[in-house]
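Each remark here refers to the structure printed beneath this line.
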Amino acid sequence: EKVFEIGRNFRNEGIDLTHNPEFTACEFYQAYADYNDLMAMTEHMLSELVKSLTGGSYKINCSIPIGGGNDDEEADNEKAESAMINAAASQKTTAAAAAPAATTTVEIDFTPPFRRIRMIPELERETGRSFPSEYTSEEAQSFLSSLCDEYNVTCHPPKTPARMLDKLVGRLLEKRCMNPSFIMDHPAVLSPLAKHHRQHAGLTERFELFVCGKEIANAYTELNDPEVQRERFMAQAEAATQGDEEAQMLDETFCTALEYGLPPTAGWGLGIDRLVMMLTNQHSLREVLFFPAMRSS
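Right, here's the structure in full:
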């Protein structure tokens, strides 16, 4: 039992090399499946897609910006995008002028199986620190704040545990995922809609697929317990009151629907525009959109 949609999405966010307020996504629910099933499906689909496009090879070339080293992805992309827009405004229409100031081409290998990275154990390996089992205490917040300072990771207010943990993952894990890699088993504080992990307390059955250091897909075993879901929504609403614009709000209609019943289900989403951008070796999302959003001059 499956249902899918390929459609347009709208988000109130800025424009940069890999973000656009309007984008196309493929999303589906699959009953009686979990995130392990979706990892296997994602791996097979994308590796075979690349193999078909290249005529038999699992390898493609991908252009990525050079340098920066900034943990703030949007800041890095803003600089490159501004350079490109300024060049266009100056009527420098050659390919060299339209591209970011410095890019390099890397070979990306989609040969299965993709690398699987358990988020917290990998962070512990990178930092040499033992991470807490839960992230709502003041001690956990202090621990994450000190790690952000140690690794020079910028986290703009509000410095909630979820935001600091997300920034640390971006600096220490995501940017190292050049070849397709699943970052998996996120803490519940990062995944309000994902089901609790069946083996590891405090974690969820979720994965994100990264290629060239950018997220391509996001999936998880769906949380189908209405009481737990309501508790997580309440925690997210509290984060929103602190200024976290990405926090979920309480959706009582959704919780009521869960009370009627949801079978064991897995949910999956993939950004089609960003995938096409990588498969066609483009440095900017604007290059694969028919009518990209433009900044006012």
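According to our numbering, the stretch in the sequence shown is residues 300 to 596, in order. In this text, a Cβ means the ideal position worked out from N, Cα and C, and glycines have one as well. Being a predicted model, the structure only gives us computed values, none of them experimental.
| message | Suppose you measure from the CA of D484 to the CA of H582; what does that come to, to the nearest Å? | response | 30 Å
| field | The beta strand (DSSP E) enclosing N523, as first and last residue numbers | value | Per DSSP, N523 belongs to no beta strand (DSSP E) and is neither H nor E.
| From this set, S346, N319, N335, D465, which residue's C-alpha is nearest N478's C-alpha? | S346
| request: Starting from M576, trace the alpha helix (DSSP H) both ways and give me its first and last residue. | output: 571-578
| Can you give the beta carbon distance from L569 to I515, rounded, assuming they're within the 8 Å contact cut? | 6 Å
| query | What do you get for G427, buried or exposed, if any count of 16 or more other CB atoms within 10 angstroms of its CB means buried? | reply | exposed
| query | Whose C-beta lies closer than 7 Å to the C-beta of T392 among residues of the same chain, with five residues either side of it excluded? | reply | Its pLDDT being 40, under 50, T392 is placed unreliably by the model, and the measurement read from it follows with that caveat. Excluding positions up to five away in sequence, the list is empty.
| task | Determine the burial state of E304: buried for a count of at least 16 other Cβ atoms within 10 Å of its Cβ, exposed for fewer. | result | exposed
| Where does F442 sit, in a helix, a strand or coil, going by DSSP? | helix
| task | Quick one: grab the DSSP three-state call for R505. | result | strand
| message | Given a cut-off of 9 Å on the beta-carbon distance, is the pair Y331 and G566 in contact? | response | no
| request: Could you tell me the distance, in whole angstroms, from the CA atom of C545 to the CA atom of E312? | output: The displayed chain sequence assigns Glu, not Cys, to residue 545. Rounded to whole angstroms, E545 to E312 spans 10 Å at the Cα level.
| Which one or two residues does DSSP pair with Q597 in a beta bridge? | In the structure as shown, the chain starts at 300 and stops at 596, and residue 597 therefore has no counterpart that could be examined.
| query | Any idea which residues DSSP pairs N517 with across the strands? | reply | E507, G568
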